[in-house]
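Chains as they are written, first to last, in my numbering: chain A, 1 to 115; chain B, 116 to 228.
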C-alpha cells in the first residue's frame, strides 16, 4: 500500500496563476483533509471531506476550492494564486467512526511558492 | 473554540538527556490528544495518543499522560537520541463533527551527539 500520496512535490507559481494539487489514498478511508503548514503556526485545516461527493470548509478556506469526485482522491485548487498562499500543503485521510480513535495518515507534502 | 499551546522551541539537547515538551489545551467536551512527529522533509506521523483522562500514551520511549485537571499532555523521553531530532506537534480532536485536528505550533528538537 502506498498510503497517502501527493502530487506534485514542488511547484512555483506566479501571482494569478491557477493549479490543482492531487491527493490519493489507497486505504479506503472515508475522511480526507487538506492542511497548510506555515512557520510557527503548526498545521491549519483548509477544507475536508467526510465522503465521496461531500466537502466542507475548515479554518482557512479562502482562496481555495476542493472536490471529492472519487472516494480515493481529494483535489485542492487555487484559482488565482497569491503570495500569501506560499506554504507547504499536506493531505491526510482517516477512517470514519467514533471520535478520536481513528488516526489521520498524512502524505509527504507539496511545497508551493507563489512569486 | 479549541486551541493547543505548545512549548516554544527550538530545543537543543545532548544525546541521552531527558526531554520534556509542554503542551496544554483548551477544548469543549472530552477531547482526544495526540503527539505527531515530523522528520526533515517528511509528512507527519502519529507518535502516540490518549483518548481519555489519565490515559498514558507511549511509543518509541516517548510518553505522555492525559491530565484533565491541568488540561495538559506533556511529552517526555528519558534518554533522547540523535535520531529523535524532528519537529513535534501536540494536537487534539474534540467531540465535534469530522474529528478535525487542532495543532499546536510545533517544537523543533535537535539532539547533538
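No residue lacks a Cβ here, since even glycine has one placed at the ideal position from N, Cα and C.
- Query: Which of helix, strand or coil does DSSP assign to residue 50 of chain A?
  - Reply: Here residue 50 of chain A corresponds to residue number 50 of the first chain, with the count starting at 1. The answer is coil: DSSP assigns residue 50 of chain A none of H, G, I, E or B.
- Option in B:200, B:226 and B:208 with minimal Cα separation from residue 156 of chain B: As a working note, residue 156 of chain B is residue 41 in the second chain. It is B:200.
- Task: Might you give, ordered along the chain, the residues of its own chain that have their beta carbon closer than 6 Å to the beta carbon of residue 142 of chain B, omitting 5 neighbours on each side?
- Result: The residue labelled residue 142 of chain B in the question sits at position 27 within the second chain. Cβ neighbours of residue 142 of chain B beyond the five flanking positions: 117, 207 and 209.
- Do residue 35 of chain A and residue 105 of chain A have their C-beta atoms closer together than 7 Å? Residue 35 of chain A sits at position 35 when you count from the first residue of the first chain. Residue 105 of chain A sits at position 105 when you count from the first residue of the first chain. Taking 7 Å as the Cβ cut-off, residue 35 of chain A and residue 105 of chain A do not qualify as a contacting pair.
- Taking the beta strand (DSSP E) that residue 92 of chain A falls in, what are its first and last residues? Mapped onto the first chain, residue 92 of chain A falls at position 92. Per DSSP, residue 92 of chain A belongs to the beta strand (DSSP E) from 87-94.
- Task: For residue 204 of chain B, go through chain A and note every residue whose CB falls closer than 8 Å to its CB, in chain order.
- Result: The residue labelled residue 204 of chain B in the question sits at position 89 within the second chain. Neighbours of residue 204 of chain B on chain A, chain order: 42 and 43.
- Query: Which partner residues does residue 73 of chain A have in the DSSP bridge list?
  - Reply: Counted from its first residue, the first chain places residue 73 of chain A at position 73. When beta bridges are read from the DSSP output, residue 73 of chain A appears opposite A:24.
- Query: At least one CB of chain B closer than 7 Å to the CB of residue 107 of chain A: is that the case?
  - Reply: On the first chain, position 107 is the one that residue 107 of chain A refers to. Interface residue, yes.
- Query: List, in order along the chain, the chain B residues whose C-beta lies closer than 9 Å to that of residue 90 of chain A?
  - Reply: Start at 1 with the first residue of the first chain, and residue 90 of chain A comes out as number 90. In chain order: 158 and 159.
- Message: Between residue 219 of chain B and chain A, is any beta-carbon pair separated by less than 7 Å?
- Response: Indexing the second chain from 1 puts residue 219 of chain B at position 104. By this cut-off, residue 219 of chain B is an interface position.
- Quick one: what does DSSP say residue 187 of chain B is sitting in, helix, strand or coil? To locate residue 187 of chain B, count along the second chain from 1; it is residue 72. Residue 187 of chain B falls in the strand class under three-state DSSP.
- Item | Alpha carbon of residue 173 of chain B to alpha carbon of residue 164 of chain B, nearest angstrom | As a working note, residue 173 of chain B is residue 58 in the second chain. As a working note, residue 164 of chain B is residue 49 in the second chain. Straight across, the Cα-Cα distance linking residue 173 of chain B with residue 164 of chain B is about 8 Å.
- How many Å lie between residue 13 of chain A and residue 114 of chain A at the Cα? The residue labelled residue 13 of chain A in the question sits at position 13 within the first chain. The residue labelled residue 114 of chain A in the question sits at position 114 within the first chain. Rounded to the nearest whole angstrom, the CA to CA distance from residue 13 of chain A to residue 114 of chain A is 5 Å.
- Relative to the C-alpha of residue 228 of chain B, which residue among B:161, B:159, B:131 and B:180 is closest? Here the question's residue 228 of chain B lines up with position 113 in the second chain. Ranking B:161, B:159, B:131 and B:180 by Cα distance to residue 228 of chain B puts B:131 first.
- Query: Are the C-beta atoms of residue 79 of chain A and some chain B residue less than 7 Å apart?
  - Reply: Taking the first residue of the first chain as 1, we reach residue 79 of chain A at position 79. Contacts with chain B at 7 Å (Cβ-Cβ) do not include residue 79 of chain A.
- Item | CB contact below 7 Å: residue 223 of chain B versus chain A | Sequence index remark: in the second chain, residue 223 of chain B carries index 108 (1-based). No, residue 223 of chain B does not count as interfacial toward chain A.
- So is the beta-carbon of residue 6 of chain A under 6 Å away from any non-hydrogen atom of the ligand ATP? Summarising the ligand content, the structure contains no ligands, and the ligand ATP is consequently not present.
- Query: Identify the residues that DSSP records as bridge partners of residue 178 of chain B: which are they?
  - Reply: As a working mapping, residue 178 of chain B is identified with position 63 in the second chain. Paired residue(s): B:173 and B:191.
- Message: Using only the alpha-carbon positions, how far apart do residue 102 of chain A and residue 3 of chain A sit?
- Response: Reading the first chain from its first residue, position 102 is the one you call residue 102 of chain A. Reading the first chain from its first residue, position 3 is the one you call residue 3 of chain A. Going by the C-alpha atoms only, they are around 15 Å apart.
- Identify which residue in B:144, B:153 and B:123 has its Cα closest to the Cα of residue 135 of chain B. Taking the second chain and counting its residues from 1, the one referred to as residue 135 of chain B is at position 20. The candidate whose alpha carbon is nearest that of residue 135 of chain B is B:123.
- Residue range of the beta strand (DSSP E) that residue 115 of chain A falls in? Along the first chain, read from residue 1 onward, the residue named residue 115 of chain A stands at position 115. Neither: residue 115 of chain A is in no beta strand (DSSP E) and is coded neither H nor E.
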